[in-house]
Structure formats: C-alpha cells, structure tokens
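Please read the structure below before turning to the comments.
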Amino acid sequence: MSDMTINQLLIQIEERKEELVELAKSLIRFKTPSPPARNTAEAQEFVATYLSDLGFSIDKWDVYEGDPNVVGILSGTKPKEYNSLLINGHIDVASIEEGEQWDYDPFSPVVKDNILYGRGAADMKGGLAGSLFAIKLLKEAGIHLPGNLTFQSVIGEEVGEAGTLECCKKGYDADFAVVVDTSNCQIQGQGGVITGWITIQSPQTFHDANRRSMIHAGGGLFGASAIEKMTKVIQGLKDLEQHWAVTKSYPGFPAGMTTINPAVIEGGRHAAFVADRCALWITVHFYPNEDHDEVAKEVEDHILNVAKADPWLRVNPPTFRWGGTSMIEDRGEIFPSLAIDEKHPGLQSLANVHENIFNDKATIGMSPTVTDGGWLGEAGIPTVIYGPGKLEHAHAVNEQLSMDELVQFTKVMTQFIHKWCNTRKV
Ligand SMILES: [Zn+2]
C-alpha cells in the first residue's frame, strides 16, 4: 500500500471523527467499574464481536465469572517474515465512590467543547476505541497486513487481577507490544509495585490484666503487645525507605520513587486483651532495573534484622506474605516493572510515526504509575505504554479526554500498525 493511501486514511479519521467518538461512548456506557468487578461480560462481548466482524479469530474465556478476557488474532499474510504486533488494553475502569460530584452521569458520556466526559474516557476506553477504530480503517481499506496482529482486551487491571498475566500464561506474544493505557501520548516504561502483609503473632494470648507483669521490672512474664512491636517494624520500614531514596536511582524518575507505604494496619482483639496479632499491609514501589522478588527479599532481610535487635521479636519474628492475584479476592497485587529499550526498532518506529502525526518529537520516559505493561515485559515481549489521556484525569471526578488527542492517537495507531506489520523481522 502506498503512503498516498495511508494519508487518505489519516484524512478519513478527521472526517469520521463522529464514528470514533461513538465507539468510545459505546465502551464507556458499559458499566465496568472495578471494584466491584465481575461486570465486564457485555463489554467484552462487544469488543469480541467488533474484532470478529473485522476478521479476527477470537479467544474468550472467564478469568473470573463475569469477567472474561478477549484475545483477537488477525493472521498476517507472511507471519514468519514480518513483525507481529500486540495491542493491549483493560476494559475495567476505576470505581465511582458515593458522593462524587460529577457534572454528567459517569456512564452516559457526553462531548462538550471538544472534550469527552465519562468514566474510562482517559483510563482507558479512549485508548481501546482509538486502537479498534484504527484497525477497522485498515481493514475497510482492504489492507492485508503481512505480520500478525493481536488485540487483547483484558479485565482486572484496576484491582491487580492481571488479565494480562492470564494472556501471557496462555502463550500469546509478539515481536512488539503497545499497552494503550493513559500516557498522554508519551512513550513510557514504568517502575513496579508489590504489596505485602507483615504479620506479628504472639504464641500466647494474654488478658489485659497481665500487662503490668509483661512490661515492668520483676513482672517475670515474657510477652508483648503485637501492636507495640509493629511500631518497630514501621520505623524499620521508614529507615529502609530513606536508605533507598538516598542510594537508589533510575533515569527518568525523580529520586525517592521507591517508597514503602504502610497502607493498612489491623490488630488486636478488643480492649480486654493485650494485642496478640498485628498485620500491616504495605505498598512497595521499585525501579525498572529491580525485580519484585528481590525487592521483597530486601524488605524481609531488613525487617528480620530489626527483629533481631528486640528480645521478643527475636523469638517471635514477623512473617511475610508477598503479592497476590487480586485486591478483592486475596488483598494483594503485583505490577512488574517495565524497562524500555530506546533503540528497539518497534519503539523507534512508533516514535517516528508519533513525530510525523504530532509534528513534534515523541517524549520517551517513565510513567509515574503502573500498568499491565510489566506483565508483557516479564513475559519477554518488548513493550511500551502509549495511549491517550492525562493521568490527572484517570480515576478522577469528571474523567475526560481531549477529542483532538484521541484523533491524533488514532492516526498514530493506524500508521504504526501498518508500518510495523509491514517491517521485516530482524
Ligand atoms: Zn489504566
């Protein structure tokens, strides 16, 4: 296909903008907030039908009941010789909290002054709509891509349920992947996140009346309040966090991104007992050159050393439970980090197309948040995050997306899909 025809397609995107907006609105109208989750079946059926109508073969399966993943594959004409592309996005959106003051119903999208309002506009039904529309234009123009094209619409991203990980487990891969999540059309990698529970458990349970013998000279009772001992753990975490801030760094991030947040604490029975159990839920951020298992081990080693300096904790050391598969089901999650290779031909090609469409150099950097991109990276797929919408609007009241940005993004995807799937494998 000539550049002439691709340019005609780019003009078509302007002309058919209403159709693009309608597609984004249709996706937003499906109420897919997570939590509560288990509500994406209809939206995913819509995506599956859309892809299937364009000639994709569909794999659709329940990750949880009521939350199916959709993977569509459009086989290329010469898949062995030409690059394959994977486009990934999540269909779930952030929850709406009671009392939020929206100007419009979050699930009845409207466009006002060239801005699309609705839950998921920025994170990330806009990105899904733009990518789907790009594929539709290419197909309607009768273009047969030589390389394979895979489209993943996944569930669970907002609560760490990692529909994307389930796709990776099934073996779906590609020569290059774009996660079309909120990045303001910047090309990004990301740091990672792992959550963990630190638990202090006393082997005995004491009545409140024993406290005197437990803490005063001559009391003779070897026991402790798990809550009080947890304060030492919290101080230890702060020391480690500060040590990391001083000693760790990674290009593209401000110093000190490696935070350890004591997010939730639970402990004690009631006021007639000395607390025999205390559990702390922490959120640990790490850089792209770090692995979640290594970082978890760093925390454990440090806290076990803190415990050694206390006579009771030395005998009753804290225990750890890291990660998890869902903030809803098992109160834990992992988002692996994603390093990006600026010399990778896929990234360079995307950056060139971006520059062509925006008349401005692509910004390449690091997202301050986390996406499913880390799972694809961990599966060995060269991956970047690149999608429309601003992070300040994601999860926010009056979530919104600039129509101009959506149009520009759709143009980039149209040209990039065509270019990459027409580039020979190296
Ligand atoms: Zn997102």
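Residue numbers (our numbering): 60 to 485.
From the three backbone atoms N, C-alpha and C, an ideal C-beta is built for every residue, glycine too.
Distance between residue j and residue i (C-alpha atoms, nearest Å)
| i | j | result |
| --- | --- | --- |
| LEU280 | ARG271 | 9 Å |
| SER385 | ASN418 | 41 Å |
| TYR309 | ALA398 | 10 Å |
| ASN457 | ILE202 | 38 Å |
| GLU156 | HIS149 | 20 Å |
| TRP434 | PRO395 | 6 Å |
| THR482 | LEU145 | 14 Å |
| LYS90 | LYS139 | 40 Å |
| SER461 | GLY382 | 36 Å |
| TRP371 | THR378 | 14 Å |
| ASN243 | ILE319 | 27 Å |
| GLU325 | ALA314 | 31 Å |
| GLU74 | VAL80 | 12 Å |
| LEU86 | THR99 | 11 Å |
| GLU357 | LYS297 | 13 Å |
| ASP112 | ASN147 | 19 Å |
Residue i beta carbon near ligand 1 (any heavy atom closer than 8 Å)
| i | result |
| --- | --- |
| ALA96 | no |
| MET183 | yes |
| GLU220 | no |
| GLU464 | no |
| HIS452 | no |
| THR91 | no |
| GLU104 | no |
| THR442 | no |
| ASP126 | no |
| GLU216 | yes |
| HIS149 | yes |
| THR108 | no |
| THR422 | no |
Contact set for residue i: own chain, Cβ-Cβ below 7 Å, skip 5 residues either direction
| i | result |
| --- | --- |
| CYS226 | ASN128, VAL130, GLN211, VAL213 |
| ALA410 | ILE246, ALA421, ILE423 |
| LYS367 | ARG373 |
| ILE132 | PHE115, SER116, ASN207, THR209 |
| TRP303 | THR317 |
Where the alpha helix (DSSP H) containing residue i begins and where it ends
| i | result |
| --- | --- |
| PHE475 | 462-479 |
| GLY185 | 185-199 |
| MET316 | Where MET316 is concerned, there is no enclosing alpha helix (DSSP H), given that its DSSP letter is neither H nor E. |
| PRO127 | It is not in any alpha helix (DSSP H) - PRO127 instead sits in the beta strand (DSSP E) that spans 126-133. |
| GLY222 | 222-228 |
| TRP371 | 370-374 |
| LYS84 | 76-88 |
| VAL305 | 285-306 |
| THR108 | 100-112 |
Anticipated Cβ contact below 8 Å, residue i with residue j, distance rounded
| i | j | result |
| --- | --- | --- |
| ALA331 | HIS266 | 7 Å |
| LYS484 | ASP369 | At roughly 58 Å, the Cβ-Cβ gap does not stay under 8 Å, so LYS484 and ASP369 are not in contact. |
| PRO205 | THR136 | 5 Å |
Spatial neighbours of residue i in its chain, beta-carbon cut-off 6 Å, leaving aside the 5 residues before and after
| i | result |
| --- | --- |
| LYS470 | LEU69, ILE72, ILE416 |
| HIS413 | ALA421, VAL471 |
| GLY436 | LEU397, THR442 |
| THR473 | LEU68, ALA193, LEU196 |
Start-to-end residues for the beta strand (DSSP E) that takes in residue i
| i | result |
| --- | --- |
| LEU144 | 144-149 |
| PHE235 | 235-238 |
| VAL429 | First-last for VAL429: undefined, no H or E at that position. |
| ALA338 | 336-345 |
| LYS119 | 116-123 |
| TYR176 | 174-176 |
| GLY255 | 251-260 |
| SER212 | 208-213 |
| TRP381 | 378-381 |
| ILE444 | 442-444 |
Close Cβ partners of residue i (< 8 Å) along its chain, the five nearest in sequence each way excluded
| i | result |
| --- | --- |
| VAL218 | SER93, PRO94, ALA96, ASP151, SER385, MET386, ILE387, GLU392 |
| GLU401 | GLN407, ILE423 |
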